[in-house]
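Line by line, the protein sequences are chains F and H. Note that the first sequence covers residues 1 to 453 in this note's numbering. Note that the second sequence covers residues 1001 to 1453 in this note's numbering.
Protein chains: 2
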Amino acid sequence: MLTYNLDGKNKYYSLYCRIRDDILRGNLTSGQKLPSKRALASDLSVSVITVQTAYEQLLAEGYIISRERSGYFVAEVNARLPSAQHEGEAEEVCSQKPAFDLVSGSASAQLFPFSVWARLMRSVLSEEGEHLLERVPCRGDLSLRNEIAALLYRMRGVEVNPSNIVVGAGAEYLYGIIVQLIGRDKLYAVENPGYGKIHSAYSLNGANCTFVPVTKQGADPEAVERSSAHILHISPSHQFPTGAVMPVSNRLRIIAWARESGAYIVEDDYDSEFRLVGKPLQSMLGLCPDRVIYINTFSKSLAPSMRMGYMVLPPELMQKYLDLFSSAANVVPLFEQKTLAAMIGGGFFERHINRLKNYFRAIRQEVLSAISSLPFPAEVNDTGSGLHLTVKLPSAPSDGAIRELAERRGVRLRCLSDYLLAPLSGFERTAVINYGGLKKGEPQRIAALFHKS
Amino acid sequence: MLTYNLDGKNKYYSLYCRIRDDILRGNLTSGQKLPSKRALASDLSVSVITVQTAYEQLLAEGYIISRERSGYFVAEVNARLPSAQHEGEAEEVCSQKPAFDLVSGSASAQLFPFSVWARLMRSVLSEEGEHLLERVPCRGDLSLRNEIAALLYRMRGVEVNPSNIVVGAGAEYLYGIIVQLIGRDKLYAVENPGYGKIHSAYSLNGANCTFVPVTKQGADPEAVERSSAHILHISPSHQFPTGAVMPVSNRLRIIAWARESGAYIVEDDYDSEFRLVGKPLQSMLGLCPDRVIYINTFSKSLAPSMRMGYMVLPPELMQKYLDLFSSAANVVPLFEQKTLAAMIGGGFFERHINRLKNYFRAIRQEVLSAISSLPFPAEVNDTGSGLHLTVKLPSAPSDGAIRELAERRGVRLRCLSDYLLAPLSGFERTAVINYGGLKKGEPQRIAALFHKS
């Protein structure tokens, strides 16, 4: 039996480290059976959950493997695991629509308070009249920037000067502006696995990208420090697709790295409004406004068709932005900017977000119970943030098998490995469940599909 | 014991913030034990749930850790955060407006049929309803692309397949897309003198630029042939700022060059609607749809604030566009696209253009007669195209003297040489008169200013 003295704050992590190190040092050898969770827990006087979490982490990173009904075994760690190749997003070859979309579905448009929006549009139209034809300052309409600053304060607890905000036509547009501000000769680090559009937006804009591996705690700070990146693009509050939340110690460590190396951090806060459990996590912007570029959009919260987003720039970069763009008009029509400002200012936006959160809290519960009813082992990893979670399916033969199984049942689904931008092990057999497009009752219906045959 | 005054509606959040800030400021240090939930609750006269929720949030963000059966402790947080300093508002410098603007003024917004536009907006809003929230295909709304194709046929005599049209947020946005389609490793030739924003948009997007001198017949074909450019950006129908119109023989010669070398021609047709004398010249797109990228915007014809334009791509480049962007939504809101489609489809756009042309024909006459009344020699060069002309002032001591003389009279004015992107002779002592912002009677009033003193 393994005998460890587990001290410190985090018992599971400490257990995970001991076993990992023993495997790396050869004290535990390939093929060796590990004690059962229950046995090890009682032996070390820790809870079964602690052991299970440690085992899951080891499993996820490929240190151990699980064999159904026989337990956990040390994996062949020296063998190079075949990496899942990333099929380029040869997207939207409008194949027939799947019955259920767990990849890109979005229900927020259905919940969007269109009558409120239409009423605000009408009133903006009659109140503003021909003023709507005026040139929009390059940063965006001031009334909208004021409302965004107030919103950031209320929802994220950050004080932002509206003059440091830039309104733009969606996140990808803003990524392009960042490249123009910081330069193509710089190295951009993006998370791996990660949201492919971030990487491709930087590449399309001519920037060189490198990858930072993501752990259970988000982007790995050690890898960040080792990288020679000038810009680090991360989603610390809810990493996509792993769902990892970066603890504050790592946030501070990464901020210290940025301060020291003069790098910028792009904090992509794409779904922080949807923390369904507790309050949204503190933003990195609040911790370090002079090195952090904060980005968020309204596509998740309002409608995917609404290409409107904003970024908060450090003063130094805002000066550069004005130098480059002050003679250009903002790309988002004044009409939409004024309407959104009225929506936020009138409290309609937050009311809508609260409605969405209530809705998705119920959906999330349905998803969790649907997963627990699946006729095969399925381990949920969910931090209660945002609109997606991941499910490890240890008994699945391969990632391709998971996708195929789903597809045959009319369910569009991706695995963690589908989001790998460069080969990396430890992300196998894990489905990513975006429940942002599901309606009530659907999670159970989807689960039922896997009971038949 | 921690003593906080918890005011406000949200006690747990306020407690969370206080503890968090105390940790970040070092008032609570790593390893320090926090009071028990019960004790702190009774001490602060709040419910245990309030404290528990605050502790959970702090736990989730990694500020504190929990040790089973011993309670909560401050985590190892490496805080040494300097407070955010906010720099003074560096708002866009609004220097005082000149009395007359002959550089960038635009009167089209005043002539814009706002009541028609507002009516169309209202009807689009009620007809389309929630369809307005649908994702816009990457090329733009099909109804608008159909209308643009029909408009191009009526106004420019070119037959264009709507599926080769891309709608975008203004010309500069489209220039950026062109660089993404053709590549940064290619050489982009722009006209010299020319419109600075074209050159700077390409440069900002990381493309290398070279310059092609402009003669009285537009871009010099010989220089084009000598250049090793892969892309040639020209305005053959009305070069800015010289006003040169490229004769068809040169157009054909340049097309032959493009065919032979595999280069693309960007035909920037920015003000062809405003040919005030005769019909618009035949477009190069009509002559060679497989090598010409045609670009036009609605900022000149509708309002400068309207960042809406389009380009027609050769089939080969359209395929590339779809490969790159088919998973992205179009950046222009569907609402504006539908409204513009209704405006073109209902004939309101062409009626507006005709009104504008009548208006500017009169202004142009006034400008010509005002120039002839100047108390010094002034030779007009005007082709009857677009909304600007040039005036050679042979007796002026220098270009600087021309600008200064104008400025002292409250007239904002530029010379041809101000638009030189690389040194080139032959453009001296020539003022550029953009009369697109003038009202009736103003040309004579401006001329009068030069009689005094």
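Glycine included, every Cβ here is placed at the ideal spot set by N, Cα and C.
Cross-chain neighbours of residue i in chain H, by beta carbon under 9 Å
i	result
F/Q52	Per Cβ cutoff of 9 Å: no residues; F/Q52 is ~16 Å from chain H at best.
F/F112	E1130 and L1133
heavy atom of the ligand FMN below 7 Å from residue i C-beta
i	result
F/D21	The ligand FMN is absent from the structure shown, which contains no ligand whatsoever.
Residues that residue i contacts on chain F, provided the C-beta gap is smaller than 8 Å
i	result
H/R1122	R122 and L125
H/C1017	G157
Cβ-Cβ separation, residue j to residue i (assumed contact under 8 Å), whole Å
i	j	result
H/R1429	H/I1446	Wrong, their Cβ atoms sit about 19 Å apart, outside the cutoff.
F/D268	F/I231	Wrong, their Cβ atoms sit about 12 Å apart, outside the cutoff.
H/Y1072	H/L1034	4 Å
F/K37	F/V46	Going by Cβ atoms, the distance from F/K37 to F/V46 rounds to 10 Å, so no, they are not a contact pair.
H/A1219	H/V1179	Contact doesn't hold; Cβ gap of about 20 Å is too wide.
H/G1224	F/A169	What sits at residue 1224 of chain H in the sequence shown is Val, not Gly. Contact flag wrong, Cβ pair sits at about 34 Å.
F/P443	F/A370	4 Å
H/N1250	H/Q1217	6 Å
F/R139	F/V166	5 Å
F/K300	F/Y270	6 Å
is_contact[residue i, chain H] using C-beta, thresh 8 Å
i	result
F/V136	yes
F/S95	Residue placement at F/S95 is poorly supported in this model, since its pLDDT is 46, which falls under 50; the coordinates still yield a value, given next. Judged by the 8 Å Cβ criterion, F/S95 is not in contact with chain H.
F/Q282	yes
F/R184	yes
F/L389	no
F/G140	no
F/G71	no
F/A118	yes
F/E91	Interpretation of F/E91 is limited by its pLDDT of 32, a score under 50 that renders its predicted location unreliable; no figure is taken from the coordinates.
F/Y12	no
Minimum Cβ-Cβ distance from residue i to chain F less than 8 Å
i	result
H/L1334	yes
H/G1062	yes
H/G1206	yes
H/R1020	yes
H/Q1180	yes
H/G1262	no
H/Q1337	no
H/E1056	yes
H/E1087	Here the model assigns H/E1087 a pLDDT of 33, short of 50, so the residue's position is not dependable, and the following value carries that caveat. By this cut-off, H/E1087 is an interface position.
Under the three-state DSSP convention, the category residue i falls into
i	result
F/S66	strand
H/V1248	helix
F/F100	strand
F/N146	helix
F/F73	strand
F/M311	strand
F/G400	helix
F/A431	strand
F/K440	coil
F/K392	strand
F/G458	Absent from the structure is residue 458 of chain F, since the part of chain F shown begins at 1 and ends at 453.
H/D1268	strand
F/C209	strand
F/L152	helix
F/C415	strand
7 Å Cβ cut-off: residues of chain H touching residue i
i	result
F/A169	A1169 and V1331
F/Y173	V1331
Contact set between residue i and chain F, taken where Cβ atoms lie within less than 7 Å
i	result
H/S1305	L133, E134, R135, V136, A329 and L334
H/L1324	L204
H/V1077	V248, S249 and L252
Interface residues of chain H facing residue i [CB-CB closer than 8 Å]
i	result
F/G176	G1176
F/G278	T1053, E1056, Q1057 and A1060
Counting Cβ pairs, one atom from each stretch, are 3 or more of them under 8 Å apart for the segment 1334-1347 of chain H and the segment 1120-1131 of chain H? yes
Counting pairs of Cβ atoms below 8 Å between the segment 1236-1243 of chain H and the segment 1193-1201 of chain H, do you hit three or more? yes
When you compare the segment 299-307 of chain F with the segment 257-266 of chain F, are there three or more beta-carbon pairs, one atom per stretch, that lie closer than 8 Å? no
Are the segment 376-388 of chain F and the segment 137-151 of chain F in contact at 8 Å, needing three or more beta carbon pairs? no
Do three or more CB pairs link the segment 417-434 of chain F to the segment 385-395 of chain F at distances below 8 Å? yes
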